[in-house]
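Visitor: My numbering runs 25 ahead of the 1-based position in the sequence shown.
Quick reminder that beta carbons are idealized off the backbone N, C-alpha and C, glycines included.
Could you have a look at this structure, given as structure tokens, before my questions?
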Amino acid sequence: MALQPGDAGAGRHPRRGSGQMRRTLAVVLAAMLVLLPGAALATSPVKVTADSFEVHEAESQAVFAGNVVVTRAGLTVWADKVVVDYGAGGPENVRSFVATGHVRLKTEDQEATGERAVFDPGTQILRLVGNVTVVNASGTVNGPELTINLVDNTTVFSGGKRGRVTGVFTTQ
Numbered sequence: 026m027a028l029q030p031g032d033a034g035a036g037r038h039p040r041r042g043s044g045q046m047r048r049t050l051a052v053v054l055a056a057m058l059v060l061l062p063g064a065a066l067a068t069s070p071v072k073v074t075a076d077s078f079e080v081h082e083a084e085s086q087a088v089f090a091g092n093v094v095v096t097r098a099g100l101t102v103w104a105d106k107v108v109v110d111y112g113a114g115g116p117e118n119v120r121s122f123v124a125t126g127h128v129r130l131k132t133e134d135q136e137a138t139g140e141r142a143v144f145d146p147g148t149q150i151l152r153l154v155g156n157v158t159v160v161n162a163s164g165t166v167n168g169p170e171l172t173i174n175l176v177d178n179t180t181v182f183s184g185g186k187r188g189r190v191t192g193v194f195t196t197q
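Below, the structure is given as structure tokens:
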């Protein structure tokens, strides 16, 4: 189910299934922003824009596609496509958040880019892969893959078989 601007029914609230759609959308938005500190999550509004939004109930999946931008309290995420998978428990059981295509994450003090970002709410691990670049006031780091564990606050750049990690740092 996807409504494009200008489609019949676009801008109107559907009468059937709208409760499930609202629940799905609320959970999808919450899942996309689990990267934020708890206090920010509790008080900040979420804004999501995309060319389309689809819910695939049979696959337990929600898809935002085309120029996706998600903003909330010091975090902005851009991507060509964002897919949220949820488990048998329904939209309240988010299993993963995957952003693909020209992925860019920006916080107040740094910016990261890559080809694909995968976040697992269960493990609180974010992986950014494919020509990863992170830029902040201290410098720039590039590599094939970046893994961030939000539980123990560790960050690992990996080169592996796909290349090496390089960094350019400025002293202040």
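What is the rounded straight-line gap between the Cα of V107 and the Cα of E79?
Guide: As a position in the sequence shown, residue 107 is number 82, starting the count at 1. As a position in the sequence shown, residue 79 is number 54, starting the count at 1. Distance between the alpha carbons of V107 and E79 is about 11 Å.
Visitor: Going straight from the alpha carbon of T191 to that of V166, what length do you get?
Guide: By 1-based counting over the sequence shown, the position of residue 191 is 166. By 1-based counting over the sequence shown, the position of residue 166 is 141. Near 6 Å, if we compare the C-alpha coordinates of V166 and T191.
Visitor: Counting only the same chain and skipping the five closest in sequence on each side, list residues whose C-beta sits under 6 Å from that of G99.
Guide: As a first step, residue 99 must be located in the sequence shown, where it is residue number 74. If we look at G99 and ignore the five residues flanking it on each side, its Cβ neighbours are T132, E133.
Visitor: Cα separation between E140 and T101?
Guide: Your numbering for residue 140 matches position 115 in the sequence shown. Your numbering for residue 101 matches position 76 in the sequence shown. Looking at the two C-alpha atoms, the distance is approximately 16 Å.
Visitor: Could you please give the first and the last residue of the uninterrupted beta strand (DSSP E) stretch that includes Q165?
Guide: Here the question's residue 165 lines up with position 140 in the sequence shown. Note that residue 165 is Thr in the sequence shown, not Gln. 164 to 174 is the extent of the beta strand (DSSP E) around T165.
Visitor: Indicate whether at least one CB of chain D lies closer than 8 Å to the CB of E79.
Guide: Protein chain content of the structure displayed is limited to a single chain, and chain D is not contained in it.
Visitor: Could you give the C-beta distance for G168 and G147, rounded to a whole number, given that I count them as a contact under 8 Å?
Guide: Numbered from 1 along the sequence shown, position 143 holds the residue referred to as residue 168. Numbered from 1 along the sequence shown, position 122 holds the residue referred to as residue 147. Going by Cβ atoms, the distance from G168 to G147 rounds to 25 Å, so no, they are not a contact pair.
Visitor: DSSP on R187, reduced to helix/strand/coil?
Guide: Translated into positions along the sequence shown, residue 187 becomes position 162. Here R187 sits in helix by DSSP.
Visitor: Candidates D105, A75, A113, S77: which alpha carbon is nearest A83's?
Guide: By 1-based counting over the sequence shown, the position of residue 83 is 58. The candidate whose alpha carbon is nearest that of A83 is A113.
Visitor: Pull the bridge partners of H81 from the DSSP assignment, please.
Guide: Counting from 1 along the sequence shown, the entry for residue 81 is found at position 56. The partner list for H81 (beta bridge, DSSP) reads Q86.
Visitor: With DSSP run on the structure shown, which of helix, strand or coil describes D110?
Guide: Position 85 of the sequence shown, counted from the start, is the residue given in the question as residue 110. Three-state result, D110: strand.
Visitor: Taking the continuous beta strand (DSSP E) assigned at A137, which residues delimit it?
Guide: As a working mapping, residue 137 is identified with position 112 in the sequence shown. That run of the beta strand (DSSP E) goes 135 to 145.
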